[in-house]
Amino acid sequence: QWPNECQLDQLNALEPSQVIQSEGGRIEVWDHHAPQLRCSGFAFERFVIEPQGLYLPTFMNAGKLTFVVHGTGLMGRVVPGCPETFIESPVFGESQGQGQGQGQGFRDMHQKVEHLRCGDTIATPSGVAQWFYNNGNEPLILVAAADLANHENQLDRNLRPVLIAGNNPQGQEWLQGRQQQKQNNIFTGFAPEILAQAFKINVETAQQLQSHQDNRGNIVKVKGPFSVIRPPLRRGQGGQQPQEKAN
Amino acid sequence: GLEETLCTMRCTENLDDPSDADVYTPSLGYINTVNSYNLPILRLLHLSALRGSIRNNAMVLPQWNVNANSALYVTNGRAHIQMVNDNGDRVFDQEVSNGQLLIVPQGFSVMKRATSEQFQWIEFKTNENAQVNSLAGRTSVMTGLPLEVITNGFQISPQEAKRVKFSTMETTLTHSSGPMSYGRPRV
Numbered sequence: 511q512w513p514n515e516c517q518l519d520q521l522n523a524l525e526p527s528q529v530i531q532s533e534g535g536r537i538e539v540w541d542h543h544a545p546q547l548r549c550s551g552f553a554f555e556r557f558v559i560e561p562q563g564l565y566l567p568t569f570m571n572a573g574k575l576t577f578v579v580h581g582t583g584l585m586g587r588v589v590p591g592c593p594e595t596f597i598e599s600p601v602f603g604e605s606q607g608q609g610q611g612q613g614q615g616f617r618d619m620h621q622k623v624e625h626l627r628c629g630d631t632i633a634t635p636s637g638v639a640q641w642f643y644n645n646g647n648e649p650l651i652l653v654a655a656a657d658l659a660n661h662e663n664q665l666d667r668n669l670r671p672v673l674i675a676g677n678n679p680q681g682q683e684w685l686q687g688r689q690q691q692k693q694n695n696i697f698t699g700f701a702p703e704i705l706a707q708a709f710k711i712n713v714e715t716a717q718q719l720q721s722h723q724d725n726r727g728n729i730v731k732v733k734g735p736f737s738v739i740r741p742p743l744r745r746g747q748g749g750q751q752p753q754e755k756a757n
Numbered sequence: 310g311l312e313e314t315l316c317t318m319r320c321t322e323n324l325d326d327p328s329d330a331d332v333y334t335p336s337l338g339y340i341n342t343v344n345s346y347n348l349p350i351l352r353l354l355h356l357s358a359l360r361g362s363i364r365n366n367a368m369v370l371p372q373w374n375v376n377a378n379s380a381l382y383v384t385n386g387r388a389h390i391q392m393v394n395d396n397g398d399r400v401f402d403q404e405v406s407n408g409q410l411l412i413v414p415q416g417f418s419v420m421k422r423a424t425s426e427q428f429q430w431i432e433f434k435t436n437e438n439a440q441v442n443s444l445a446g447r448t449s450v451m452t453g454l455p456l457e458v459i460t461n462g463f464q465i466s467p468q469e470a471k472r473v474k475f476s477t478m479e480t481t482l483t484h485s486s487g488p489m490s491y492g493r494p495r496v
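One line per chain: the protein sequences are P and F, in this order. Per our numbering, residue 511 is the first one in the first sequence, and the count goes up by one each step. Per our numbering, residue 310 is the first one in the second sequence, and the count goes up by one each step.
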């Protein structure tokens, strides 16, 4: 903190200072240089995800709490070191007998996916990639408060989201020196050959990971089914019936 | 009394002993870490360290510091290092060599590839339980994501998405060969 940052002689209600439009929704960012926010160390965002909108995986330099204001959805995080415990099991069983390596012969496995509904409050540590999907018929509205003054943030008092996928054509206006500069995803900066070696894929697919031609933004519209592996809803949760027969 | 005081705390851990390695691949090398679990005094310092020793053409898969900044100091050999910042810009793309120091801020992704017979470094981290997350490999963020997120996020086919997710079975060290373009920071 700079000296006198909390010498607040007059407070006022704050509105978002930047709106980042995307194909599947928008992100509204409050200017965290505003005196009240600077003093408190908070950075504040609101996410409005349209139906079938997917907020692509992003991680932050600070821990944050996210509150579901409206709508329903799915949320996934990738916590370092945690196993992929959501597995499409029936197919998995069949393939093992054939001695195939992990990753072959079954549909998918990934880390935990949770159902979201109004009132849910989600804690996300720094550096943990997180994504949201709106599987309802109304906008999914989330508000998130990141604590920039926390020990978990080892950088400066700026919110620095890192995009795993997608990009932000508008750039991060709230960061000095980054106005008018498009923000790319983390793969963009690596040489394609390195990505190809790291992933053991061809260079063309590696270039696809860099999303050069992609201007959809960080919330994209999913076309067709979004069939991630997830448990059925609790009976009565959000009035929705379980999607599969509980055994 | 004296038994449970600062005076008796162990404050030394040797990181040059491969038999203690946390990551080990005979043909690629090893990585050893010291943190507050195996050296409790670090809980007071909020610091930890990592010691790496890899062979020629071994690559440390692209990864980022989840909760720490780190100072990487080269103690032996040479390596090609690429680093990408939070804006997706390549901010470092050079060969580093013995005696050089490189700072890796939290959230910046780094790839290291040995370009000499042996590349050894010590990395000091500003968190007593420093964690890394990797972009590629069996325990990477990509493996943890559902296929739908990958196909929709990158506009690639399900088959390609499966290859991206599951081709690299290693977690930290992998084999890398052939020429690599570097020296052209993409900003």
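Cβ coordinates follow ideal geometry from the N, Cα and C atoms, glycine included. All of these numbers come straight from a predicted model, not from anything done at the bench.
Residues sharing a beta bridge with residue i, DSSP
{"i": "Asn-678/P", "result": "Gln-693/P"}
{"i": "Ile-459/F", "result": "DSSP lists no partner for Ile-459/F."}
{"i": "Asn-341/F", "result": "Arg-360/F"}
{"i": "Met-619/P", "result": "Ile-597/P"}
{"i": "Glu-555/P", "result": "Val-539/P and Ala-654/P"}
{"i": "His-580/P", "result": "Ile-651/P"}
{"i": "Ala-633/P", "result": "Leu-575/P"}
{"i": "His-484/F", "result": "Ala-367/F"}
{"i": "Ser-443/F", "result": "Gln-372/F"}
{"i": "Glu-525/P", "result": "Answer is none; Glu-525/P lacks a bridge partner."}
{"i": "Gln-391/F", "result": "Asp-402/F and Met-420/F"}
{"i": "Tyr-382/F", "result": "Leu-410/F and Ile-431/F"}
Cutoff 7 Å: residue i Cβ touching any chain F Cβ
{"i": "Val-578/P", "result": "no"}
{"i": "Val-713/P", "result": "no"}
{"i": "Leu-566/P", "result": "yes"}
{"i": "Ser-636/P", "result": "yes"}
{"i": "Asp-666/P", "result": "no"}
{"i": "Gly-699/P", "result": "yes"}
{"i": "Trp-684/P", "result": "no"}
{"i": "Leu-584/P", "result": "no"}
{"i": "His-543/P", "result": "no"}
{"i": "Phe-736/P", "result": "yes"}
{"i": "Lys-574/P", "result": "no"}
Cβ-based neighbour list, residue i, same chain, cut-off 7 Å, excluding 5 preceding and 5 following
{"i": "Gly-581/P", "result": "Asn-644, Gly-646, Glu-648, Pro-649, Leu-650 and Ile-651"}
{"i": "Thr-448/F", "result": "Thr-480"}
{"i": "Ala-377/F", "result": "Gln-415, Lys-434, Thr-435, Asn-436 and Ala-439"}
{"i": "Asp-630/P", "result": "Val-578"}
{"i": "Cys-516/P", "result": "Cys-549"}
Min CB distance residue i to chain P below 7 Å
{"i": "Thr-477/F", "result": "yes"}
{"i": "Glu-469/F", "result": "yes"}
{"i": "Asp-331/F", "result": "no"}
{"i": "Asn-344/F", "result": "no"}
{"i": "Thr-435/F", "result": "yes"}
{"i": "Ser-418/F", "result": "yes"}
{"i": "Gln-391/F", "result": "yes"}
{"i": "Leu-370/F", "result": "yes"}
{"i": "Glu-432/F", "result": "no"}
{"i": "Leu-454/F", "result": "yes"}
{"i": "Val-405/F", "result": "no"}
{"i": "Phe-401/F", "result": "no"}
{"i": "Phe-463/F", "result": "yes"}
Alpha helix (DSSP H) segment containing residue i, residue limits
{"i": "Val-473/F", "result": "467–475"}
{"i": "Gly-453/F", "result": "450–453"}
{"i": "Ser-550/P", "result": "545–550"}
{"i": "Glu-703/P", "result": "702–709"}
Cβ neighbours of residue i in the same chain (closer than 8 Å, five flanking residues each side left out)
{"i": "Phe-475/F", "result": "Thr-452"}
Range of the contiguous beta strand (DSSP E) that encloses residue i
{"i": "Met-368/F", "result": "367–374"}
{"i": "Leu-719/P", "result": "Note, Leu-719/P: premise wrong, no beta strand (DSSP E); alpha helix (DSSP H) at 713–719."}
{"i": "Pro-567/P", "result": "563–569"}
{"i": "Arg-447/F", "result": "Note, Arg-447/F: premise wrong, no beta strand (DSSP E); not H, not E."}
{"i": "Phe-428/F", "result": "427–434"}
{"i": "Ile-530/P", "result": "528–532"}
{"i": "Arg-352/F", "result": "It is not in any beta strand (DSSP E) - Arg-352/F instead sits in the alpha helix (DSSP H) that spans 351–354."}
{"i": "Arg-422/F", "result": "418–423"}
{"i": "Glu-404/F", "result": "399–406"}
{"i": "Ala-284/F", "result": "Any answer about residue 284/F is impossible in this case: the structure gives chain F only from 310 up to 496."}
{"i": "Trp-641/P", "result": "639–643"}
Own chain, CB closer than 6 Å to residue i, minus 5 neighbours either side, in chain order
{"i": "Gln-682/P", "result": "Arg-688 and Gln-693"}
{"i": "Val-393/F", "result": "Arg-399 and Ser-418"}
{"i": "Met-478/F", "result": "Arg-447"}
{"i": "Gln-679/P", "result": "Correcting the residue identity first, residue 679/P is Pro in this sequence and not Gln. Excluding residues within five positions, the ones whose Cβ falls inside 6 Å are Lys-692 and Asn-725."}
{"i": "Gln-717/P", "result": "Pro-702"}
{"i": "Arg-360/F", "result": "Leu-324, Asn-341 and Ile-431"}
Sufficient close CB pairs (3 or more, under 8 Å) joining the stretch 334–346 of chain F to the stretch 397–414 of chain F | Counting Cβ pairs under 8 Å, fewer than three are found: no touch.
Is it true that the stretch 723–733 of chain P meets the stretch 526–535 of chain P, where meeting means three or more beta-carbon pairs spaced less than 8 Å apart?
-> Counting Cβ pairs under 8 Å, three or more are found: they touch.
Does the stretch 416–425 of chain F come close enough to the stretch 548–563 of chain P to have 3 or more Cβ pairs within less than 8 Å?
-> Taking 8 Å as the limit for Cβ pairs, the verdict is that the stretch 548–563 of chain P does not touch the stretch 416–425 of chain F.
Are at least three pairs of beta-carbons, each pair with one atom in the stretch 650–668 of chain P and one in the stretch 700–712 of chain P, less than 8 Å apart?
-> No: the two stretches stay apart, fewer than three of their Cβ pairs being nearer than 8 Å.
Can at least three beta-carbon pairs, one atom from the stretch 629–641 of chain P and one from the stretch 565–574 of chain P, be found at a separation below 8 Å?
-> Because the criterion of three Cβ pairs below 8 Å is met, the stretch 629–641 of chain P and the stretch 565–574 of chain P touch.
Below 8 Å, can you find three or more Cβ-Cβ pairs linking the stretch 453–463 of chain F to the stretch 556–569 of chain P?
-> Yes, the stretch 453–463 of chain F touches the stretch 556–569 of chain P.
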